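Engineer: Oh and the sequence shown: position 104 is 104 in this note's numbering, straight run, nothing missing. Positions of the beta carbon are idealized from the N, C-alpha and C atoms, including for glycine. Keep in mind it's a predicted model, so treat the numbers as computed, not measured. Dropping a structure here in structure tokens format, bear with me for questions.
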Amino acid sequence: MMRSLFSGVSGLKNHQIRMDVIGNNIANINTIGFKKGRVTFEEALAQTMRGAMRPSELHGGTNPMQVGLGITIGSIDTMFSQGNLESTGIQTDLAIQGDGFFVLSDGVSEYYTRSGNFQFDAQGRLINPTNGYVVQGYMANNSGVIEPGTSIGDIVLPFGQKVAAKATTKVAFTGNLNASENPQGTIVRSDVMYAIETTTDDSDVNGLYASGNTNSNITGLVPGITTITVNDGTNTHTYTYVLEDSGASNDDFNSLADLIDEINNDFSGSIQVTLNSSGALEFSYDGTGSATISITSNNAVLESALTEANGTVSDDGAGNVVTTTTDEFSHRATENDLLVNLRNSSGQSLNLSSGDALAISCLKNGALITGNFTVSSSSTLADLNTQIASVLGLSETTQVSIDSSGRLNIQGDPGADNELSAISISESNNSVLGSTMSFTEIQEAKDAKYSTNVTIYDALGHKHTLTLTFKKTVIPGQWTWEAQLGGDETISAGGQGKLAFNPDGSLLSFTYDGGATALQFNPNNGADPMNVILDVGTTSSYDGLTQFSAPSAVVINSQDGYASGNLSSISIAQNGEITGLFTNGVTKTLAQIVLAVFNNPSGLLKVGDNMFSTSANSGAPAKGAVGEVIQSTILPGSLEMSNVDLAEEFTDMIVAQRGFQANARVITTSDDMLNELVNLKR
């Protein structure tokens, strides 16, 4: 009878404990990082009334008979299931998704928690604001590197801490240089020049210049239509202009030489015509006697030039000769014309003769260069062109030429460094030559170049503006480059070099002149001399500079220097790494939060403030950064809520209540039975 009373009492007592755990769970429904508890029951010791008997050959065995003595608590477990995550937007609010605990220290002992509502205190320590315990982790060195073997300690990040200036050691460039762009040289040209017609010339009459009475170009001659009529007072012959002469005695012409042959053939024994040293048609009498010449044409300009010869020619045989001449004819100058035969655009002689000394001068990129040329009776424009090219230092003699209009053209070498200006070809007291050789610029010299700027830093944090200029050469795929600094710096080596590209536009090579391996310069401000590597990419790849037919655009991919700065803000990554943003724009790793895991987290001992400590059955903690020994995630700006489920707790509450009620009935029923027993003596 008493056993049932004791069993009922144990049931009441232990169901009350279960109710206590349920109440604690419900009370912590909104506690950050709280892990609910769970009670499991076990049967208490049983009283054996009869032991078991084994079976024999004559009868079977019997089971033991036992009466239980009630209930006892088997365990009160902490359930470490994942709680829901709540976003807070506060950078130092941290939640763990997965296994593990944050590690806190009071300076003596370590504690473990899932509650990540941390803050920085006045000394920059990351703490639990409830008790001031400090969050544990790895601290980075001054270079922002967490070195292997770094011990776990307090995370301390005092705002306002400084980062020392770092000298730039490498600048990386990326972009494109235009393959279609080419450097240009200066192009200048003189006024138009003419050269008098000679007996060896076969210039088309259409286009000749007539100087004297006409002073005009002969134009508008129409093949088969334009004619010249010559009359000597007795005979008349008409000659037709054609594009190609068919020979003497056919009364057609294309050049003055053709016309001379036709006239001399038709007027033999009367008048004869020659081309004199001035380029004029000179008429004389062929024999002894005289003739009156009359020349007409249905082309007004041509007629004006020829009618100068109209008149009487005679020869008395005693040396008294009367001749007539037309205007002087000249053609647009060519390289084969003699200098002594040259005229200006108005038909005036350039007054050059054998022995004249011509002075050649020019400013090449601002520097004066001079030379001379002595005219001989056989000197041609080609000879003068060769000397001009030599004096100006041009790479090809063909860069000085005579064009189809009779102008002297000079084309400088490509690039602004080869700019030509103030070109002069003159002779003392020869104004006609000077005005004719007055050059007009047709094209200015310019580079196919592109420049980009980057700010770099010395060891004291001073800024230096580095300008890198790329210039394309005349060799396909090849560029030169030059580095310039905008202050008082002194470049000692590596200030210029060459850059080449493959036919597919990828980088072929990047070299420094003089065997240098980096840009070397002295800041001249007290800072140490600097070596800066200019990185334009990997050879045969497209990760840096390329050369395609697209606009040039080069940008700075990175440079590793910076001025000094103060810590202004932090960010926390999902691996617990704390990165600092400094006022100089530098971001640097400052620390990394560690987590701890246990073989038996349910064996941890609750010590209040949402914290746990180790126990004899929890096992030692394994501590490390996320990704090392712990495959969890730290979520900044979030908190882990309680894992208590109210529906589940209310259900457990009903079950506990029914259990308590049933055990109470056991006690009252046992009491009634005892009363009946006591009443037997009455």
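Based on the DSSP output, what are the partners of Asp315 in its beta bridges?
Structural biologist: Stepping through the sequence shown from its first residue, residue 315 is reached at position 315. DSSP lists Gly289 and Val321 as partners of Asp315.
Engineer: Where in the stretch 346-406 do unbroken runs of the alpha helix (DSSP H), each at least 4 residues long, occur, reported from the N-terminal end onward?
Structural biologist: Runs found: 381-391.
Engineer: Output the distance between the C-alpha atoms of Ile456 and Val145, rounded to the nearest integer angstrom.
Structural biologist: Working through the sequence shown from its first residue, we reach residue 456 at position 456. Working through the sequence shown from its first residue, we reach residue 145 at position 145. Their Cα atoms are separated by approximately 23 Å.
Engineer: With 16 other CB atoms within 10 Å as the buried threshold, where does Met530 fall?
Structural biologist: Taking the sequence shown and counting its residues from 1, the one referred to as residue 530 is at position 530. Label assigned to Met530: buried.
Engineer: Taking 8 Å as the cut-off, does the stretch 236-253 touch the stretch 281-292 (at least 3 CB pairs, one atom from each stretch)?
Structural biologist: Taking 8 Å as the limit for Cβ pairs, the verdict is that the stretch 236-253 does not touch the stretch 281-292.
Engineer: Give the DSSP-derived three-state secondary structure of Asp270 in the structure shown.
Structural biologist: Residue numbering aside, residue 270 sits at position 270 when the sequence shown is read from its first letter. The question names Asp, but residue 270 in the sequence shown is Ser. Three-state result, Ser270: coil.
Engineer: Rounding to the nearest angstrom, what Cα-Cα distance links Ser431 and Asp316 in this structure?
Structural biologist: Within the sequence shown, residue 431 is the residue found at index 431, counting from 1. Within the sequence shown, residue 316 is the residue found at index 316, counting from 1. About 43 Å.
Engineer: If you run the structure through DSSP and keep just helix, strand and coil, what is Val532?
Structural biologist: By one-based count along the sequence shown, residue 532 stands at place 532. The answer is strand: DSSP assigns Val532 an E or B state.
Engineer: If distances are taken between C-alpha atoms only, which option among Met53, Phe101 and Ala167 comes closest to Lys463?
Structural biologist: The sequence position of residue 463 within the sequence shown is 463, counting from 1. Out of Met53, Phe101 and Ala167, Ala167 has the C-alpha closest to the C-alpha of Lys463.
Engineer: Could you give the distance in angstroms between the alpha-carbon of Met673 and the alpha-carbon of Gln47?
Structural biologist: Taking the first residue of the sequence shown as 1, we reach residue 673 at position 673. Taking the first residue of the sequence shown as 1, we reach residue 47 at position 47. C-alpha separation (whole angstroms): 21 Å.
Engineer: Measure the alpha-carbon distance for Asp93 versus Asn30 and round it to whole angstroms.
Structural biologist: Start at 1 with the first residue of the sequence shown, and residue 93 comes out as number 93. Start at 1 with the first residue of the sequence shown, and residue 30 comes out as number 30. Distance between the alpha carbons of Asp93 and Asn30: 16 Å.
Engineer: Does DSSP put Leu595 in a helix, a strand or coil?
Structural biologist: Start at 1 with the first residue of the sequence shown, and residue 595 comes out as number 595. Leu595: strand per DSSP, three-state reduction.
Engineer: With a floor of 3 residues, list each beta strand (DSSP E) that falls wholly inside the stretch 116-199, ordered by position along the chain.
Structural biologist: Listed in chain order, they are 134-139, 170-178, 187-189 and 194-196.
Engineer: In angstroms, rounded to a whole number, what distance separates the CA positions of Val586 and Gly495?
Structural biologist: Position 586 of the sequence shown holds residue 586. Position 495 of the sequence shown holds residue 495. Rounded to whole angstroms, Val586 to Gly495 spans 28 Å at the Cα level.
Engineer: Would Gln631 and Gly98 be called neighbours here (beta carbons separated by less than 8 Å)?
Structural biologist: Sequence index remark: in the sequence shown, residue 631 carries index 631 (1-based). Sequence index remark: in the sequence shown, residue 98 carries index 98 (1-based). Contact: yes.
Engineer: For Asn298, which of Asn235, Ser571, Ile225 and Glu86 has the nearest alpha-carbon?
Structural biologist: Here residue 298 refers to the residue found at position 298 of the sequence shown. For the residues Asn235, Ser571, Ile225 and Glu86, the minimum Cα distance to Asn298 belongs to Ile225.
Engineer: Give every residue of the same chain whose Cβ lies closer than 8 Å to the Cβ of Val340, excluding the five residues on either side of it in the sequence, and list them in chain order.
Structural biologist: As a first step, residue 340 must be located in the sequence shown, where it is residue number 340. Once the five neighbours on either side are set aside, the close Cβ partners of Val340 are Leu352, Ser353, Ser354, Val375, Ser377 and Ser379.
Engineer: By the 10 Å Cβ neighbour count, where 16 or more other Cβ atoms means buried, how is Asp154 classified, buried or exposed?
Structural biologist: As a first step, residue 154 must be located in the sequence shown, where it is residue number 154. It is buried - the Cβ of Asp154 has at least 16 other Cβ atoms within 10 Å.
Engineer: With a threshold of 8 Å on Cβ separation, who are the neighbours of Thr538 within its own chain once the five nearest residues in sequence on each side are excluded?
Structural biologist: Position 538 of the sequence shown, counting from 1, holds the residue named residue 538. Counting only Cβ-Cβ distances below 8 Å, and skipping sequence neighbours, we find Leu507 and Gly544.
Engineer: Can you give the Cα-Cα distance for Asp652 and Leu605, rounded to whole angstroms?
Structural biologist: Residue 652 sits at position 652 when you count from the first residue of the sequence shown. Residue 605 sits at position 605 when you count from the first residue of the sequence shown. When rounded, the distance between both Cα atoms is 24 Å.
Engineer: Which residue spans inside the stretch 427-510 form an unbroken alpha helix (DSSP H) run of at least 4?
Structural biologist: Taking only runs of at least 4 residues, the alpha helix (DSSP H) segments lying wholly in the stretch 427-510 are 431-436.
Engineer: If I follow the unbroken beta strand (DSSP E) through Met49, where does it start and stop?
Structural biologist: Against the sequence shown, residue 49 aligns to sequence position 49. Start and end: Ala46 to Arg50.
Engineer: Identify every residue that forms a DSSP beta bridge with Ser297.
Structural biologist: Within the sequence shown, residue 297 is the residue found at index 297, counting from 1. Ile228.
Engineer: Pull the bridge partners of Pro636 from the DSSP assignment, please.
Structural biologist: Counted from its first residue, the sequence shown places residue 636 at position 636. Answer is Leu94.
Engineer: Under the three-state reduction of DSSP, which class applies to Thr88: helix, strand or coil?
Structural biologist: Here residue 88 refers to the residue found at position 88 of the sequence shown. Reduced to three states, the DSSP call for Thr88 is coil.
Engineer: Candidates Gly51, Gly74 and Glu649: which alpha carbon is nearest Met65's?
Structural biologist: On the sequence shown, residue 65 is found 65 positions in, with the first residue counted as 1. Nearest option by C-alpha distance: Gly51.
Engineer: Roughly how many whole angstroms lie between the Cα atoms of Asn524 and Asn176?
Structural biologist: Residue 524 sits at position 524 when you count from the first residue of the sequence shown. Residue 176 sits at position 176 when you count from the first residue of the sequence shown. Using only the alpha carbons, I get a separation of about 33 Å.
Engineer: Please name the residue or residues paired with His331 in a DSSP beta bridge.
Structural biologist: As a first step, residue 331 is located in the sequence shown; it is residue number 331 there, counting from the start. Answer is Ala195, bridged to His331.
Engineer: Let's see if you can read the secondary structure: which residues bound the alpha helix (DSSP H) around Asn663?
Structural biologist: Locating residue 663 in the sequence shown gives position 663, counting from the first residue. Where Asn663 is concerned, the enclosing alpha helix (DSSP H) stretches over Leu646 to Val678.
Engineer: Can you tell me which of Ala527, Ser509, Pro503 and Thr490 puts its alpha carbon nearest to the alpha carbon of Gln520?
Structural biologist: On the sequence shown, residue 520 is found 520 positions in, with the first residue counted as 1. Checking every option, the nearest Cα to that of Gln520 belongs to Thr490.
Engineer: Would you say Ile533 and Leu157 are within 8 Å of each other, going by their C-beta atoms?
Structural biologist: In the sequence shown, the residue the question calls residue 533 occupies position 533. In the sequence shown, the residue the question calls residue 157 occupies position 157. Not a contact, by the Cβ cut-off of 8 Å.
Engineer: What's the C-alpha gap between Leu384 and Asn372?
Structural biologist: As a first step, residue 384 must be located in the sequence shown, where it is residue number 384. As a first step, residue 372 must be located in the sequence shown, where it is residue number 372. Distance between the alpha carbons of Leu384 and Asn372 is about 10 Å.
Engineer: Rounded to whole angstroms, what is the Cα-Cα separation between Gly561 and Thr169?
Structural biologist: The residue labelled residue 561 in the question sits at position 561 within the sequence shown. The residue labelled residue 169 in the question sits at position 169 within the sequence shown. Roughly 7 Å separates the two Cα atoms.
Engineer: If you draw a straight line from the alpha carbon of Ala280 to that of Gln399, how long is it in whole angstroms?
Structural biologist: As a position in the sequence shown, residue 280 is number 280, starting the count at 1. As a position in the sequence shown, residue 399 is number 399, starting the count at 1. If you take the alpha carbons of Ala280 and Gln399, they lie about 34 Å apart.
Engineer: Tell me where the beta strand (DSSP E) around Asp77 begins and ends.
Structural biologist: One-based indexing of the sequence shown puts residue 77 at position 77. Segment Ile71 to Thr78, the beta strand (DSSP E) holding Asp77.
Engineer: Gly580: buried (16+ other C-beta within 10 angstroms of its C-beta) or exposed?
Structural biologist: Residue mapping note: residue 580 aligns to position 580 of the sequence shown, counting from 1. Under this definition Gly580 is a buried residue.
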